[in-house]
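Mapped onto our numbering, the consecutive letters of the sequence shown carry residue numbers -6 to 140. Ideal placement from N, C-alpha and C gives every residue a C-beta, glycine not left out.
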Amino acid sequence: MYYSRMRILLVEDESRVAQFIRKGLREEGYAVDVAADGGAGENLAGATDYDLVITDRMLPKLDGMELVRRLRARAPRLPILMLTARDAVADRVAGLAAGADDYLVKPFAFDELAARFRALLRRGSQDPGQPLRCGDLAVDPVAHTVT
């Protein structure tokens, strides 16, 4: 499957919801790690490179809004989808302002969730204007140089 190498971090404190999403994502061919609170999610995100993060807004230890802010500061191009029961317009605006790329309200259809994260993954997490680095090697795709 095309997405089989994609790695997704799911930060969700409701175990039934987390297992439902994890199962669906794995059936789609994604590698999925689950964190049950914002602190664990931040730790996993710091230890592993993810292609996408799906996070609840209301989380124990570190709430989803602060998690998104921290992830965004560390990885500006990382696709982040906020998944939450908070459905007021002000809540959606705040989630997007905190750095989420998309905001989906619970309850949701898995097909819609899948369509939204596929759209985010199509955008990619690598900024094509930034040099790619590996040790002392830097490849600048804009300037077409290698140093």
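Smallest Cα separation from residue i: which of the options?
{"i": "E21", "options": "F110, C127, R126", "result": "F110"}
{"i": "N36", "options": "Q12, V61, L18, R50", "result": "V61"}
{"i": "S8", "options": "R19, E105, L18, V27", "result": "V27"}
{"i": "G92", "options": "V139, A83, D42, I73", "result": "I73"}
{"i": "L52", "options": "L125, F103, F13, G31", "result": "G31"}
{"i": "L71", "options": "V86, A108, D94, G57", "result": "D94"}
{"i": "A90", "options": "G57, A107, M(-1), V25", "result": "G57"}
For a test of the three-state rule: what should DSSP assign to residue i, helix, strand or coil?
{"i": "A155", "result": "Shown here, the chain extends from -6 to 140; a query on residue 155 therefore has no answer."}
{"i": "L125", "result": "strand"}
{"i": "R75", "result": "Per the sequence shown, the amino acid found at residue 75 is Met instead of Arg. Strand."}
{"i": "R0", "result": "strand"}
{"i": "D95", "result": "strand"}
{"i": "L52", "result": "coil"}
{"i": "A68", "result": "coil"}
{"i": "A131", "result": "strand"}
Since I believe residue j is in contact with residue i (beta carbons under 8 Å), could you give me their beta-carbon distance rounded to a whole number of angstroms?
{"i": "L76", "j": "K99", "result": "7 Å"}
{"i": "A44", "j": "L114", "result": "Reading off the sequence shown, one finds Asp at residue 44, where the question assumed Ala. Rounded, the Cβ-Cβ distance is 6 Å, consistent with contact."}
{"i": "D6", "j": "A38", "result": "With 8 Å as the limit, D6 and A38 do not qualify as a contact, their Cβ atoms being about 16 Å apart."}
What number of angstroms, rounded off, separates the C-alpha of residue i from the C-alpha of residue j?
{"i": "V227", "j": "A68", "result": "Only positions -6 to 140 of the chain appear in the structure, and residue 227 is not among them; the question remains open."}
{"i": "Q119", "j": "T48", "result": "Low per-residue confidence applies at Q119: pLDDT is 48, beneath 50, and the placement is therefore not dependable, though the value from the model is reported in the following sentence. Distance between the alpha carbons of Q119 and T48 is about 20 Å."}
{"i": "Y(-4)", "j": "Y23", "result": "Caution is warranted here: a pLDDT of 43 is assigned to Y(-4), below 50, making its placement in the model unreliable, and the coordinate value is therefore given only provisionally. Approximately 6 Å, taken between the alpha carbons."}
{"i": "L3", "j": "G128", "result": "30 Å"}
{"i": "F13", "j": "V86", "result": "27 Å"}
{"i": "T102", "j": "H137", "result": "It is Ala, not Thr, that sits at residue 102 in the sequence shown. Approximately 44 Å, taken between the alpha carbons."}
{"i": "Y96", "j": "A40", "result": "25 Å"}
{"i": "E105", "j": "L125", "result": "33 Å"}
Check your understanding: Along the chain, which unbroken stretches of the alpha helix (DSSP H) at least 4 residues long are found entirely within the region 11 to 45?
Key -> 31 to 40
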